[in-house]
Structure formats: C-alpha cells, structure tokens
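This report refers to the structure that appears directly beneath it.
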C-alpha cells in the first residue's frame, strides 16, 4: 500500500509577514487645528515635564502626591486650606534649596554615602564614614551652591504655577490679564533657569539627583 505525500508548499505562508504600508491620508480630510485651550494644556504638560528634571525627584513626587490632597482638588474654601497650601509650598521650596547643598561619594566598599556640604567640608549624614581632610575640602560649600539653590526654588515655583490645583486654590477667579501672566511667567522662569543651569552647571550629586561617579572628587 503506497502512502502519498501531498506537496503543500504552494499553500504554505510565512510565519512573519511584512506589515502592510500605512494608509495615506486623504487630502480631503486635513488635520483638525488645535484650539487655544488644547495648545495651552500641551505646553503646560511639556513645561512641567521639562522643569521637573531640574528639581530633586523626591520633592517633585511629594508635591505631585500631596498637592491634590492639601488643595482639595483646587477647592480651598477656607483660609486654613490656603494657609496650609502656602506652608506646603514653602516647605517644598526649602527642600529644593537644602537638597542642592547635599553631595554624595562612594566608600571603599562601593556604597553611596550622602552628606551635607559645609564650610569645612562634607558632613556625612549617617556618620558611618569620615573623610580625610584633603578629600573633605573638595566638598566645601561655595557660592555656586547657593546660586543653584535659589534657581532650584525658582524652578519649583514655576512648576507649582503649572499645577491647576494650586492656582485654583490660591487664585480661584483670575482676570484675563492674570491668566496670561500665570501662563507665560512659568515658561519664562523655566527658560531662564534652564539657561542658568547650562551656563553654571552643578558638579554635586546630592539627594534626589544622579549618583556620584565611582571615583571621588
């Protein structure tokens, strides 16, 4: 009894097929232009994402998490709520300033140690490691650290002005001129701050910023 094997190669299809080319857009259906409100929202999200990169990540995360809670989704009905929001913003600004004065290094075991820059050197926070005097001198506090702290506070203020909950809480009924200022001022602060950070870069790797390199300063 013979067994015939049929040749089905003509029926075989490759497992991975080349996807069809994208369909061309019809000339009769041009893209719908965006409204001014959509453009403003797009600029707001882009500006917030860009400015947040210049701030300590921990402070930004705390602000984004607690801002809707403290402002009650922008509905601050009492003076207490507005005062709590202002106090929260002040603490975040102070955190941005202080974290710009921190730095890090790797100990002989390769672990990252954080410290606060002082006029005498670096004060290690956990106190487990003591730097040699010649090494600690390289981490001394200088004028550029205060400059970065002030600019970092300015950037945070710009990010806070992009937050709709904060704006509605502190300024629930802005006029047309005030709305223009609230839209353009944070962008101007962000551009100026970005230029200042590029022209005067920071060499520190503090808390909330990228880690220090393998070698010490």
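Residue numbers (the working numbering): 1 to 217.
Glycine included, C-beta positions come from ideal geometry on N, C-alpha and C.
Problem - C-alpha gap between residue 111 and residue 145, whole angstroms - result: 24 Å
Exercise for the section: Give the range of the alpha helix (DSSP H) segment to which residue 87 is assigned. Expected result: 79 to 99
Handout entry: Stretch pair the segment 71 to 80 + the segment 168 to 186: three plus CB contacts closer than 8 Å
Key = yes
Handout entry: Simplified DSSP assignment, three categories, for residue 136
Key = helix
Handout entry: Residue(s) in a DSSP beta bridge with residue 102
Key = 116
Problem - Inter-residue Cα distance where the pair is residue 147 and residue 206 - result: 15 Å
Practice task
Taking all protein chains shown into account, decide if residue 163 is buried (16 or more other Cβ within 10 angstroms of its Cβ) or exposed.
Solution key: buried
Handout entry: Assigned exposure category for residue 121 - 16 Cβ within 10 Å defines buried
Key = buried
Problem - Where residue 159 falls, given that 16 or more other Cβ within 10 Å makes a residue buried - result: Residue 159 is classed as buried because its beta carbon has at least 16 other beta carbons within 10 Å across all chains shown.
Problem - Rounded straight-line distance, which links the Cα of residue 132 to that of residue 67 - result: 43 Å
Practice task
Write down the C-beta distance between residue 119 and residue 138 rounded to the nearest angstrom, noting that I regard them as a contact closer than 8 Å.
Solution key: Contact doesn't hold; Cβ gap of about 13 Å is too wide.
Problem - Beta-ladder partner(s) of residue 124, from DSSP - result: 115
Problem - Where the alpha helix (DSSP H) through residue 59 begins and ends - result: That run of the alpha helix (DSSP H) goes 57 to 70.
Exercise for the section: Check whether the Cβ of residue 155 sits closer than 7 Å to any heavy atom of the ligand HEM, and report yes or no. Expected result: For the ligand HEM, the structure offers nothing, since it holds no ligand at all.
Handout entry: CA-to-CA distance, residue 202 to residue 129, given in whole angstroms
Key = 24 Å
Handout entry: Coil, strand or helix - residue 184 by DSSP
Key = helix
Handout entry: For residue 200, three-class secondary structure by DSSP
Key = coil
Problem - Nearest neighbour of residue 149, chosen from 101, 191, 78 and 166 [CA to CA] - result: 101
Exercise for the section: Kindly confirm or deny that the segment 75 to 95 and the segment 56 to 64 touch, where touching means at least three C-beta pairs closer than 8 Å. Expected result: yes
Problem - Among 107, 64 and 199, the one whose alpha carbon lies nearest that of residue 151 - result: 199
Handout entry: Element boundaries [alpha helix (DSSP H), containing residue 109]
Key = Taken as a continuous stretch (DSSP letters only), residue 109 belongs to no alpha helix (DSSP H), as it is neither H nor E.
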